[in-house]
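**Q** Each protein sequence line maps, in turn, to chains A and B. Numbers given in the working numbering equal positions in the first sequence, counted from 1, plus 13. Numbers given in the working numbering equal positions in the second sequence, counted from 1, plus 69. Note that beta-carbon positions come from the ideal geometry of N, C-alpha and C, so glycine has one too. Predicted model only: the values in this text are computed from it and were never measured. Questions regarding the structure given below will be posed in turn.
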Amino acid sequence: MPEAGPFRTATISVLVDDEAGVLARVIGLFSGRGYNIDSLTVARVDHERGISRINIATSGTEMVIDQIKAQLARLVPVYRVADLSQQGPHVAREMALVKVVASGEARVESLRIAEAFRARVVDTTTGSFVFELTGAIDKINAFVELMRPLGLAEVSRTGVAALARGAATI
Amino acid sequence: MNAVIQPGDSRAHDHSSATSSGAEVLLRALADQGVDVIFGYPGGAVLPIYDALFQQNAIRHILVRHEQAAVHAAEGYARSTGRVGVVLVTSGPGATNAVTGLVDALMDSIPIVCLTGQVPTHLIGNDAFQEADTTGITRPATKHNYLVKRSDDLARTVHDAFYVARSGRPGPVLIDLPKDILIAPAPYSPASTKPHRSYRPVTRPDPGAIRKAVAALKSARRPIIYAGGGVINSGPNAADLLGELVRMADMPCTNTLMGLGAFPASDPHFLGMLGMHGTCEANLAMHGCDVMLNIGARFDDRVTGRLNAFSPGSLKIHADIDPASINKNVAVDIAIIGDASEVLSALIKAWHEDDTKQDREALAGWWRQIGTWRKLDCLRFTQDMSPAATIKPQHAIRRLNEICAESRRDVFITTEVGQHQMWAAQYLQFEKPNRWMTSGGLGTMGYGLPAAMGVQIAHPDALVIDVAGEASILMNIQEMGTLAQYRLPVKIFILNNEYMGMVRQWQELLHGSRYSESYSSALPDFVKLAESFHATGLRAKNLGELDGVIREMLAIPGPVIADIAVDQKENCFPMIPSGAAHNEMILGPEHAGRAASITDEGLMLV
């Protein structure tokens, strides 16, 4: 595959039939063809019609990203493929749970930074915090990096959920 | 059992169906889809289907000797008829043996429905006897696959599978059928007339793209049309339309390996096959053209050679039914999504509506240039004509072509994979589509014999020949038993050079003539082998025996193996080595032509 051209990131949303194996089809497509998955979320969004939404954050050259979209669109259970990062402004949010094990000044500092990031404390002991943080990927990355020297112990992230801004839907 | 028919289920409107087993419902759905023959092999999990088959006459079952062969036979049937080929195999090893055939059909876009048995639903996941995760294994081997877990879904799934297999870019579809679903009663429903809920491929091209393409083609000074298997898959009408467009526009036309027969080989506009073993005129015209129309081909690496040197400077138009084929390997200027027939008829219509005149003078110059390339006569070889002379493989194929043409019969050719396949592609002449069945994308040795069986089943009176090599033929030789059982008069024409010839050729050209494991040691006596399978064995050891053996092979009413001893040292030329460009072909020893240097990068490209 030609690797010419600059890399870009893309947030792709896919509406699929909520049938057995559909996630394996999507993941198998990415691994089989050597595409990147930076994050992936999947959940049923329309119980009545049995439709799930998969959000994939990926990166590649423009030609590769076009290929990814075309390959996704030809899967039989796929209804719709939308490249949110190309079709105008969109919101992309991720939730993270971040555990910090610390005492003394580091513990106080972690709480102070958490307030600045509007993270919530969802669990606390005398020696630890679990913070809940929602936001763009960059914000979560920045928060995790700040916690690292303060006693970062464990991170659990959901991956990106994304929607186009405004009244338009995919 | 989890299969329950709900009273009042709208799909159970047919009273008789309430008492039908899943297996009976399956066969009824197949019959409704127009299936008249299936290729299969029984086993524990599919016994209910075989029992139902035993009690009906609508569908004929052909018992193969290996499940891989069942898929290739279905491919031969599908490719020679344009219909969906159907396969029936059991769970576990039955399914895993079918995988090679499924990938072969996927790569070559052949419509297949493969039915696999599965252990009962309550045992799935328990590592039961002859259990395999068939849908998991075949997910990347099929266009789509299904596991039927509810009897209510059975009939709908079968209809759905046929729609998916034949629609858009065709391909293999697998239905995994747990044994309890086959035994329990199931409701029948006919195929839905409503559009498919999610899979609706575009077949009608965008008129704007068509107009742009016509404008580019009309202003071309050095055009070429490069047509592939998509034209064959679209049906014979597409081939007629391609002929009409090429002649109307007076443009040169080349075919891919998959596309041979889409344009008549005898037409003066035809440049032969292009690609790694294509003709000089086809490859040099691709390299030097200013406007290229690709219709139903996918810029495969065997066609393009080194990508950054592929047809530099040309405006590229790509028409394909699969949007994912566009801009995959080669960035194109004008993309047309649609079925080949519809694209071609739209192009012809738009051509008449566009007033622009072609630059006839430039076109005449282009044809003169092509004429000088043709004069190279790149497929030339020297056959010593004395009766005791060693037979050149090219000569054997050329005589096969000529003697077949004299017979005036409808001839269908299948091949195995290797040098003999390329010689067949170079020296046989195909005038019509659906007459040439070869494993293009996957390159599956052992394809040709079972594919020929499938072709012969579909065309009982036709002359069906498997052009084979002595190594490939042994990969599915057990199918001689199937030929005998059904009295299928398939002719197997073995170019026997006692080597895996293409491996040997690459070892000679790229690996310092170190012939590592490519010699066919301990070969069977093919004449005796044929006889032991109730067929006729013939042998030609020298030129004097060749024509007689070919004529005798065609005259014998039953299956024949013709073992043709050919020159062991012969290589297949022209050749574009891996990593080289179209204008860097190696020509045969007949030519003092230039040889491309083979790069390290090329060595890695297989």
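(1) Can you find at least 3 beta carbon pairs, one from the region 222-238 of chain B and one from the region 194-203 of chain B, that sit closer than 8 Å?
(2) Classify B:Met70: buried if its beta carbon has 16 or more other beta carbons within 10 angstroms, exposed otherwise.
(3) Can you check whether the C-beta of A:Arg46 is within less than 7 Å of a C-beta belonging to chain B?
(4) Give the interface partners of B:Ser267 over in chain A, defined as CB-CB distance under 7 Å, in chain order.
(5) Please compile the residues from chain A whose C-beta is within a distance smaller than 8 Å of the C-beta of B:Pro392.
(6) Can you pull the chain B residues whose beta carbon is under 8 Å from the beta carbon of A:Asp79, in chain order?
(7) If you follow the beta strand (DSSP E) that B:Thr150 is part of, which residue opens it and which one closes it?
(8) Just grab the DSSP bridge partners of A:Ser231 for me.
(9) Along chain B, in chain order, which residues have C-beta atoms closer than 7 Å to that of A:Gly41?
(10) DSSP three-state call for B:Tyr584: helix, strand or coil?
(11) DSSP three-state call for B:Asp177: helix, strand or coil?
(12) I need the straight-line Cα distance from A:Ile67 to B:Leu175, nearest angstrom please.
(13) From the DSSP output, in three-state form, read off B:Ile214 for me.
(14) Between the C-alpha atoms of B:Ala404 and B:Ala393, what's the straight-line distance to the nearest angstrom?
(15) Distance cutoff 7 Å, beta carbons only. Does A:Met76 sit that close to anything in chain B?
(16) Are there three or more Cβ pairs, one per stretch, closer than 8 Å when the region 554-565 of chain B is compared with the region 156-172 of chain B?
(17) On the DSSP bridge list, what partners appear for B:Pro247?
(18) Just to confirm before moving on: does the CB-CB distance between B:Gly517 and B:Ala537 stay below 7 Å?
(19) With DSSP collapsed to three states, give me the class of B:Ile294.
(20) Let's see if you can read the secondary structure: which residues bound the beta strand (DSSP E) around B:Ile406?
(21) Taking the alpha carbon of B:Glu430 as the reference point, which residue from B:Gly103, B:Pro292 and B:Ile131 has its own alpha carbon closest?
(22) Out of B:Leu223, B:Ser303, B:Ser335 and B:Pro276, which one is the CA nearest neighbour of B:Leu251?
(23) Chain A beta carbons: is any one of them nearer than 7 Å to that of B:Val156?
(24) For B:His387, which of helix, strand or coil comes out of DSSP?
(25) In this structure, how does DSSP classify A:Ser116 when only helix, strand and coil are distinguished?
(26) For chain A, is any of its Cβ atoms less than 7 Å away from the one on B:His213?
(27) When the distance is taken between beta carbons, is B:Ile563 closer than 7 Å to B:Glu539?
(28) Would B:Val233 pass as an interface residue toward chain A - the criterion being a Cβ-Cβ separation below 7 Å?
(29) If the cut is a Cβ gap below 9 Å, which residues of chain A does B:Leu216 touch?
(30) Counting only the same chain and skipping the five closest in sequence on each side, list residues whose C-beta sits under 7 Å from that of B:Leu329.
(31) Near B:Ser589, which residues of its chain fall below 7 Å by C-beta distance, leaving aside the five closest residues on each side in sequence?
(32) B:Glu93: buried (16+ other C-beta within 10 angstroms of its C-beta) or exposed?
(33) Ignore the nearest five residues each way along the sequence and tell me which others in B:Trp435's own chain have a CB closer than 7 Å to its CB.
(34) Does the Cβ of A:His60 have 16 or more other Cβ atoms within 10 Å, making it buried, or fewer, making it exposed?
(35) How many Å lie between A:Thr24 and A:Thr71 at the Cα?
(36) Going along the chain, which unbroken runs of the alpha helix (DSSP H) with 4 or more residues stay wholly within the region 113-169 of chain A?
**A** Taking the geometry as given:
(1) no
(2) In this prediction, B:Met70 scores a pLDDT of 37, lower than 50, which makes its location untrustworthy; the coordinate-derived value is nonetheless stated afterwards. Under this definition B:Met70 is an exposed residue.
(3) no
(4) Asp30, Val89, Pro90, Val91 and Tyr92
(5) Ala83, Ala86 and Arg87
(6) Asn396
(7) Looking at the DSSP string, B:Thr150 is not in any beta strand (DSSP E); the run it does join, the alpha helix (DSSP H), is Glu136 to Thr150.
(8) Here chain A has residues from 14 to 183 only, and residue 231 of chain A is not among them.
(9) Arg208 and Pro209
(10) coil
(11) coil
(12) 26 Å
(13) According to the sequence as given, residue 214 of chain B is Asn; it is not Ile. DSSP places B:Asn214 in strand when its eight states are reduced to three.
(14) 11 Å
(15) yes
(16) no
(17) B:Gln187
(18) yes
(19) strand
(20) Ile403 to Ile406
(21) B:Pro292
(22) B:Leu223
(23) no
(24) strand
(25) coil
(26) yes
(27) yes
(28) yes
(29) Ala33 and Gly34
(30) Met342, Ala494, Phe499 and Trp505
(31) Glu539, Ala540, Glu567, Tyr568 and Met569
(32) buried
(33) Arg290 and Arg291
(34) exposed
(35) 6 Å
(36) 117-129 and 150-164
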